[in-house]
Amino acid sequence: MNKKALFGILMLVLSITINCNAFAASSTEESTELKQTQDTKKDVQAKAQQLDKEIDAVLKKIDTNKKNMNAIARDIKNTQIKLEAAENDSKAHEELLNTRLRAVYKNDVNNTYIGMILSSNSLSDFVSRLNMITKVIEMDKDIIAKAKERKKAILKQKEELNYENAKLVSLKESNESILVKLNNDINEQKDLLDKITQKEKELIAAKKAKELAEAAEKEKQLTREKELAATAEKEKQLAREKELAATAEKEKQLAREKELAAAAEKEKMLASNDNNTTNNNSNNNTNSTSSIISRGTQNSISYSKVMQMEATAYSLDGITALGVPTKRDPNGYSTIAVDPRVIPLGSKVYVEGYGYAVANDTGSAIKGNIIDVYFPSQSEAINWGRRSVTVRILN
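Residues -24 to -1, 1 to 371 (mature numbering (1 follows the signal peptide of the UniProt record, and there is no 0)) are what the sequence shown spells out, left to right.
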């Protein structure tokens, strides 16, 4: 039996070791996968944050570009106004010059520059008129030339503004394209992050479930081990008891043999006194029977348990833990306080030196093998003091 129990324990230990190794290997793989998932999650989060920063930068560029485009649009509008004014001014001077030239051919010579020159009264008047006409013509030409230069400058400025605006439009389109791509990228990263987060949650849940299963399996194996150990110990105890019983039986047999031998020897020696020997044996049997007393009773009251306890006393009237008033009745049942873990509440007891009582009260200082007996007066409680008593739990 002992060999079988030992074999069973060894098999259980081997099974636990194998299971633990299997659990450990599986747990290591799951931990590695969880760590890889968490590392991937960190990388994706970092990439998403970087994309957020890039999007912020592009948005700032778009905002700056928009402001520049608005400024250039205002400049283009103002330049267009200036260009129209210059064109109108140049056109007016050109029309004035054309009018004067047409007058040369259509009007009378006297109304023309030539007529004015030919109608001079003297050489000095001629020179004066010629100079005046020359200045007028030069002035007209200068005005027309300046108007053309102004128009040319304004056109150049407009072309430059249009070029800058075209660049800004191109930059705007490029920024918008980049923004669309970044938004797509970050959406992809967020989708990936959601999937990784879900996988992380599943792995954590699986890990917790596995840990609970492992703990339950270990507890189960430990319980089996304890049961086998208890069985082995029980079998050892039974074997010891059998051995002791066999030894006792042998000793008893030897004692019987010795008694028989002694009786035979005594019978030989006292063969003449058989009657006296018979009477003595009868007396011895009577004395042996009278020495037997019943167990489990005290003063004809049966009890189930005997305990040695420390007993103190108290004298405060009131309601007990069971809701009844404290009471001292020397002819009946009095009140005592107990630790319910040692003596259950409501138990009837017999306290040495105090009498019968009911355990219907408790106290904060009453713990373990201590009881507190009730007296109606403080002097009686003080007189009782603290003493060691025998307590019997009544049936």
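Note that beta-carbon positions come from the ideal geometry of N, C-alpha and C, so glycine has one too.
Just so we're clear, the structure is a prediction, and the values are computed from it rather than from any experiment.
Specify the secondary structure class of residue i as computed by DSSP and reduced to three states.
i, result
"serine 153", "helix"
"lysine 18", "helix"
"serine 364", "strand"
"tyrosine 350", "strand"
"threonine 288", "strand"
"threonine 302", "coil"
"asparagine 359", "helix"
"asparagine 27", "For clarity, residue 27 is leucine in the given sequence; the question names asparagine instead. Three-state DSSP puts leucine 27 in a helix."
"aspartate 32", "helix"
"valine 327", "strand"
"tyrosine 309", "coil"
"valine 318", "coil"
"residue 411", "The first residue shown for the chain is -24 and the last is 371, placing residue 411 beyond what the model contains."
"aspartate 118", "helix"
"isoleucine 369", "strand"
"asparagine 249", "Because asparagine 249 sits at a pLDDT of 49, beneath the cut-off of 50, its placement in the model cannot be relied upon, and the point is left open."
Roughly how many angstroms lie between the CA atoms of residue i and residue j, to the nearest whole one?
i, j, result
"glutamate 176", "alanine 185", "14 Å"
"lysine 143", "glutamate 178", "52 Å"
"residue 399", "glutamate 203", "Residue 399 cannot be examined here, being either before or after the span of the chain that is shown, -24 to 371."
"asparagine 256", "asparagine 345", "Since pLDDT at asparagine 256 reaches only 44, below the 50 mark, its modelled position is unreliable, and the value read off the structure follows with that caveat. The alpha-carbon atoms of asparagine 256 and asparagine 345 are separated by roughly 49 Å."
"aspartate 101", "glutamate 60", "42 Å"
"serine 355", "aspartate 293", "14 Å"
"leucine 321", "arginine 362", "22 Å"
"aspartate 28", "lysine 17", "16 Å"
"arginine 216", "alanine 224", "12 Å"
"glutamate 30", "asparagine 41", "16 Å"
"asparagine 160", "serine 153", "11 Å"
"alanine 231", "leucine 214", "25 Å"
"lysine 226", "serine 280", "35 Å"
"isoleucine 113", "leucine 137", "36 Å"
"aspartate 32", "alanine 68", "54 Å"
"leucine 220", "arginine 200", "30 Å"
"proline 316", "threonine 338", "8 Å"
"leucine 99", "threonine 110", "16 Å"
"glutamate 70", "isoleucine 119", "9 Å"
"asparagine 44", "asparagine 74", "43 Å"
In chain order, what residues of the same chain lie with their CB nearer than 8 Å to the CB of residue i, ignoring the 5 residues before and after it?
i, result
"alanine 182", "Glu6"
"serine 310", "Lys303, Arg304, Tyr330, Gly331, Tyr332, Ala333, Val334, Val349 and Tyr350"
Just confirm the distance between the C-beta atoms of residue i and residue j, as a whole number of angstroms; I'd bet it's less than 8 Å.
i, j, result
"valine 349", "tyrosine 332", "Not really, about 11 Å apart at Cβ, beyond 8 Å."
"residue 406", "threonine 13", "Any question about residue 406 goes unanswered here, given that the chain covers just -24 to 371."
"glutamine 25", "lysine 134", "Incorrect: roughly 45 Å between the Cβ atoms, too far for contact."
"tyrosine 326", "isoleucine 277", "7 Å"
Keeping to the same chain, check which residues put their C-beta closer than 7 Å to that of residue i; ignore five residues upstream and five downstream.
i, result
"phenylalanine 351", "Ala289, Ser291, Arg304, Ala357 and Trp360"
If the criterion is Cβ atoms closer than 7 Å, does the pair residue i and residue j meet it?
i, j, result
"arginine 368", "valine 314", "no"
"glutamate 286", "serine 364", "yes"
"lysine 128", "glutamate 63", "no"
Once you ignore the five residues that flank residue i on each side, which residues in its own chain have a CB closer than 6 Å to its CB?
i, result
"aspartate 65", "Ala123"
"asparagine 141", "Ile48"
"residue 442", "This structure leaves residue 442 out entirely; the chain is present only between -24 and 371."
"alanine 36", "Residue identity differs from the one stated: residue 36 is lysine in this sequence, not alanine. Closer than 6 Å at the Cβ level, and outside the excluded window around lysine 36, lies no residue."
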